[in-house]
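Remarks on the structure that follows.
Protein chains: 4
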Amino acid sequence: MSGNTFGKLFTVTTFGESHGPALGAIVDGCPPGLPLCEADLQRDLDRRRPGTSRHTTQRREPDRVKILSGVFEGVTTGTPIGLLIENTDQRSKDYSDIKDQFRPAHADYSYHHKYGRRDYRGGGRSSARETAMRVAAGAIAKQYLAAQGISVRGYMSQLGPIAIDFKSWEAVEENAFFCPDPDRVAELEAYMDQLRRDQDSVGAKISVVAEGLPPGLGEPVFDRLDAELAHGLMSINAVKGVEIGDGFAAVSQRGSEHRDEMTPQGFLSNHAGGVLGGISSGQPLIAHLALKPTSSITTPGRSIDVHGQPVEVVTKGRHDPCVGIRATPIAEAMMALTLMDHLLRHRAQNAEVSVETPVLR
Amino acid sequence: MSGNTFGKLFTVTTFGESHGPALGAIVDGCPPGLPLCEADLQRDLDRRRPGTSRHTTQRREPDRVKILSGVFEGVTTGTPIGLLIENTDQRSKDYSDIKDQFRPAHADYSYHHKYGRRDYRGGGRSSARETAMRVAAGAIAKQYLAAQGISVRGYMSQLGPIAIDFKSWEAVEENAFFCPDPDRVAELEAYMDQLRRDQDSVGAKISVVAEGLPPGLGEPVFDRLDAELAHGLMSINAVKGVEIGDGFAAVSQRGSEHRDEMTPQGFLSNHAGGVLGGISSGQPLIAHLALKPTSSITTPGRSIDVHGQPVEVVTKGRHDPCVGIRATPIAEAMMALTLMDHLLRHRAQNAEVSVETPVLR
Amino acid sequence: MSGNTFGKLFTVTTFGESHGPALGAIVDGCPPGLPLCEADLQRDLDRRRPGTSRHTTQRREPDRVKILSGVFEGVTTGTPIGLLIENTDQRSKDYSDIKDQFRPAHADYSYHHKYGRRDYRGGGRSSARETAMRVAAGAIAKQYLAAQGISVRGYMSQLGPIAIDFKSWEAVEENAFFCPDPDRVAELEAYMDQLRRDQDSVGAKISVVAEGLPPGLGEPVFDRLDAELAHGLMSINAVKGVEIGDGFAAVSQRGSEHRDEMTPQGFLSNHAGGVLGGISSGQPLIAHLALKPTSSITTPGRSIDVHGQPVEVVTKGRHDPCVGIRATPIAEAMMALTLMDHLLRHRAQNAEVSVETPVLR
Amino acid sequence: MSGNTFGKLFTVTTFGESHGPALGAIVDGCPPGLPLCEADLQRDLDRRRPGTSRHTTQRREPDRVKILSGVFEGVTTGTPIGLLIENTDQRSKDYSDIKDQFRPAHADYSYHHKYGRRDYRGGGRSSARETAMRVAAGAIAKQYLAAQGISVRGYMSQLGPIAIDFKSWEAVEENAFFCPDPDRVAELEAYMDQLRRDQDSVGAKISVVAEGLPPGLGEPVFDRLDAELAHGLMSINAVKGVEIGDGFAAVSQRGSEHRDEMTPQGFLSNHAGGVLGGISSGQPLIAHLALKPTSSITTPGRSIDVHGQPVEVVTKGRHDPCVGIRATPIAEAMMALTLMDHLLRHRAQNAEVSVETPVLR
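Chains as they are written, first to last, in this note's numbering: chain A, -4 to 356; chain B, -4 to 356; chain C, -4 to 356; chain D, -4 to 356.
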């Protein structure tokens, strides 16, 4: 039990259900002296926020975050940071038709079997709404990392069948898809419009990159940087796969191709994605994640109810036809939280690193 | 720091370098009353052991494991189980040519930057030799799970460019590749022979499956079963990607295709790979992992030394041209350890699960 | 860092400063199905509340707790329980005279050296106000334990020089001191009145007892029940000593006197205080704790300021002349949290205990 | 479960039964670059070793420790340190008379109820023999702390009814009691001789002091330095009480007496024992612990067997009549481990401590 904490030294513990009074988090372990205010968190929350385009759920939550502790006179004090977001748009409605049904491919069935009961309103704790607190906590980590010269940024690299090449970070922030190529946005819009007409949903692939990392982050053998990152990314709702660097493409590569050679001027390639032996190499850290198509669609599906009787389920309500569209800030948050934790763990070690080599990027 | 422990209630802590006197582990949290002897662990160690075919490293280690505590009169007592494997084939040789070099794409560079020093003999702690203790500890978990009717088995699903369909579990144990299709073994042999002639290495894909799981394992939101499994699998040397169920294929699937419908007779498909909302559904738990081609090849590569000077590196010694060939028992071990930990965590919860539905497989 | 979590399976993470907007906690790991409402928590909060008698601080906080998640339709769901208490009586006042001073024997000095800064308003995080969330979380543990037939109760066993013998649990709740002997209350009142006239403070001793425990709780060797209990009790503000059973009296006892003999009818004594080898024996679990006199007194004291200059400090404001008076519910909370965690950990173990002996009480 | 690990960043995990083949430990998180060899550990093991005087058990174990990993070319590498001590004097004898009996006040009864079985040979895991690995691991921590100018030393402050004032650290090492006053040793010898004739045992009090600590160690609110120290000390076999600084004497002190005033030249007293608000103040850290008289005496005692039948128990074999005599190195080890963990945790925090005041000792 008690699986609601992420991290070891920089820990985030969250609570909150989709239709409860509030979501909250405690961020413990933030070093003192970091300038921080609510606006620093709000920025990423707004990037994740639902209802900002016609391609995401029409639930309209302002997601206004409050800092309740741990910040004094504009800087962190080293004590735990309490965060709170009140739910304001949890419409009271009649749930009697779904409370005894298991939506296919949804957490209803597994929650029921795990806990013997569940908060069925809007998915309760299994709702992606929970990720709002990850984004808020991740923004604190990002703020700290940025002060160390480390950036964490993500983009959509595939929407359903449409693969997207990276063009620029500027483009990413200029459309609702976090699409890094402005010339592809129209295509994505058209695809989504058709998808809605089809009453269906689709998967997506997100890529996340950290730059400016020092070499040395990651704790072999089990708490490798890539292993902890995979943990964090796979813990995001709907994620079914995680790759570091070349990922599954490495299966058919040869060693002479995959190995990243080094010269005094730096690495000649980055197939590894910035991790060697579970420890950051100083190169950009690169991860990709696969998000499944949401199961909440209006096309009827076969299922059963809690009495084992067959039912036909139609998921109404306000749902994202592609949960991947809003996943970029969440993926960034999980990468930032992972890096922050490992930065602190590495410091504890106090290695007197007598490195004669330049850090190679 | 201190990243050498896996699990929360069923914990495995390991130590040992490739060329030190011994490898060891402490398995803490094993319930009392489990019949256990050294032969139970040796079986999987022998499956992983090097030198069993011409396609793996010619290092010849008997890998004889000793149980030093925690077992009395043939059964576990509930106290920690100490495990030890003495290294016997750590040839003393002259390391002066490699001690100051960073082999490309190897952990040399990152260990050097993390710790300021490293045991360069045979890779030290970063050697895959470390995984022997995972296999030994995993065998304890497997033994316990088997008594609950839960099996954990793996196979090679791709070797370099050669994808392999699953045919039978019997076939898996009858060849050195853990290949599930006896008709493909000759092809794999030929590929490996050519690879050695090319002085190169190649990647591989392994698949692992647990059957007989109860629904309810996994602790949302961060300690989801799939997230912890991804952590465990990604912590294996050379792993660059992890998928649950359909994995990256889900990116281009539609919700109407991906969602696993249910009838009173059971699930109609298993795209999810046995996990819904981070909790086991009772269906088979399915994961795939991508292993990169080893960087230890005899084809010369460009690199630098600790003084930042360019060097040409040729990795001699006894190395696996495809580390994926011996990875199946390791992947099984990490899945078994993950499941064991979550089985115990779930029990702690003591949910009075008044489940009216049959568990659907 | 990140020392704001207590427990391993039943975890409590708290945040909040004395004069911030709110205090909060996340209780993670509570089994599903426990009936719970805010009134269940409020009862103990009211017992701890300041301003209820003239012998405690005159700060008047209603300490009204809100449950923000984890409870649905009147019972816990197994998901994390978010708790919040808003601070309402954090008077805005001028702190300019104390912000650069270190009050003698207070956390000012050590916080300043640890974090390089501190929230000086009312002691910030080091204020005993933080313990309100312990009491709220502890009430959840108590509720669960009570359903298992386990009670956790405490009383004041010494106020300054006045030792108090236990008479009855009923008496404890009928006076502001948690004094178990109604005939001694007047004496305590008189002592406190004189203490206030002396502008001084005094220490106290609290005793806590759990009854109805099953044998078997506690995890040797480091996470012994008594060791974890000592951890919890010593983490309460102002506590300087912890005893289990006979405690320091055991130093001068002989083995023939101290050992608790057993007959088929039960143990003949309880010098051990309910723990043998770090594991509960089924007898009452008994602990005592020593609280120091608060350093916040109006008698001037010598100290220094942040510039190292000598200053004379007089602590004004609303302070408890004996912090021990309100400590009983806090000590109960920490014992309850410790027991709850170990109850769940024990369950995970799933020992098939084939106990032929009756549990001896 | 899995309670055999101590620490969070500098972790010690132990295994081993009294009469099994070996004891072992894994020390994880030791920073790289510390000079370390087996002799550094052996020194403290020899101080704890049984059979060195007629006042301790006559079991004769050389307790020869081996370092199996984590040290290369004479210094630590940052990877886990494996430790092993083989048991050589676990006499095979006939246990049939005690295997079904519960020795009074011993862990037999609670282990039986916890695990449903137990290794009854010599107490199995509950034997104080387990503490050998604590001492070995603690010696690593001591070595590291010493390099930072921090010493950890202990002494016997009371043997049964005989209280002993501290005279000198030199005296401590010159007698079998760790008695700090050479003039009292004869008295202790005489007391012990009489105790043996009485076929009885007695308790003891040990004091431990760390000097040279920086201010700032300890993580409020739950992982306070004093709370974690209490945890560590209370986890030692036979310990029934822990005090920090004045401990229980603080109960009857007044605030004007207890508070440690400060001047620019330093603190004027140290009633607090070196901890303020759970954080080290830079003053000497002082703790006292009470050890009970061992229950293993040859005077017959009433008990029951596993069938609930009354039995008379006489504990034969080789036992310490005062387990406190050998407890000093163990208490030092637990304090050193606690400090080491908190030193690393504090470093992770990276506070830019702009301390204008001199550190006051």
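Even for Gly, the Cβ is constructed at its ideal location relative to N, Cα and C.
Note that the structure is a prediction, hence the values are computed from the model and not measured.
Cβ-Cβ distance between residue i and residue j below 8 Å
i                : j                 : result
Thr289 (chain D) : Asp315 (chain D)  : yes
Lys235 (chain C) : Ala245 (chain D)  : yes
Ala282 (chain C) : Glu238 (chain C)  : yes
Gly73 (chain B)  : Ala343 (chain C)  : no
Asp336 (chain C) : Asn(-1) (chain A) : no
Ala205 (chain B) : Leu280 (chain B)  : yes
Val60 (chain B)  : Leu36 (chain B)   : yes
Cys25 (chain C)  : Tyr115 (chain C)  : no
Ala285 (chain C) : Gly242 (chain D)  : yes
Asp58 (chain D)  : Ile80 (chain D)   : yes
Ser121 (chain C) : Tyr106 (chain C)  : yes
Ser276 (chain A) : Tyr104 (chain B)  : yes
Neighbour-count burial assignment, residue i, 16 or more Cβ in a 10 Å radius
i                : result
Glu56 (chain A)  : buried
Val308 (chain D) : buried
Pro324 (chain A) : buried
Arg113 (chain B) : buried
Lys311 (chain C) : exposed
Cys32 (chain C)  : exposed
Gln278 (chain D) : buried
Gly144 (chain D) : exposed
Ser163 (chain D) : exposed
Ser202 (chain B) : buried
Closer than 7 Å: residue i CB and nearest the ligand SAM heavy atom
i               : result
Asp92 (chain B) : No copy of the ligand SAM appears in this structure; indeed no ligand is present at all.
Bounding residues of the alpha helix (DSSP H) (the contiguous stretch that carries residue i)
i                : result
Leu154 (chain D) : Careful: Leu154 (chain D) lies outside any alpha helix (DSSP H), inside the beta strand (DSSP E) at 146 to 154.
Lys3 (chain A)   : That residue, Lys3 (chain A), is in no alpha helix (DSSP H); it is neither H nor E in DSSP.
Glu252 (chain C) : 250 to 253
Val180 (chain C) : 180 to 192
Ile135 (chain A) : 126 to 142
Ala222 (chain B) : 220 to 229
Glu165 (chain B) : 164 to 167
Leu286 (chain D) : It is not in any alpha helix (DSSP H) - Leu286 (chain D) instead sits in the beta strand (DSSP E) that spans 280 to 286.
Glu214 (chain B) : Counting along the chain, Glu214 (chain B) falls outside any alpha helix (DSSP H), and DSSP gives it neither H nor E.
Limits of the unbroken beta strand (DSSP E) element including residue i
i                : result
Gly296 (chain D) : 296 to 299
Asp23 (chain D)  : 17 to 23
His266 (chain A) : From DSSP, His266 (chain A) is part of no beta strand (DSSP E); its letter is neither H nor E.
Gly236 (chain A) : 234 to 239
Ile325 (chain C) : Premise fails: Ile325 (chain C) lies in the alpha helix (DSSP H), 323 to 344, not in any beta strand (DSSP E).
Ile292 (chain A) : No beta strand (DSSP E) holds Ile292 (chain A); DSSP gives it neither H nor E.
Glu206 (chain A) : 199 to 206
The stretch 213 to 232 of chain C touching the stretch 261 to 270 of chain C, judged by at least three CB pairs closer than 8 Å: yes
Three CB pairs or more closer than 8 Å across the stretch 321 to 336 of chain A and the stretch 3 to 19 of chain D: no
At least 3 beta-carbon pairs within less than 8 Å: the stretch 222 to 234 of chain C vs the stretch 175 to 184 of chain D: Taking 8 Å as the limit for Cβ pairs, the verdict is that the stretch 175 to 184 of chain D does not touch the stretch 222 to 234 of chain C.
In chain order, each beta strand (DSSP E) run of at least 3 residues that lies wholly inside the stretch 32 to 104 of chain D: The beta strand (DSSP E) runs lying completely inside the stretch 32 to 104 of chain D and spanning 3 residues or more are 60 to 62, 76 to 81, given in chain order.
Meets three-Cβ-pair contact criterion under 8 Å: the stretch 13 to 20 of chain D and the stretch 124 to 136 of chain D: yes
The stretch 145 to 156 of chain B contacting the stretch 89 to 105 of chain B, beta-carbon criterion three pairs below 8 Å: no
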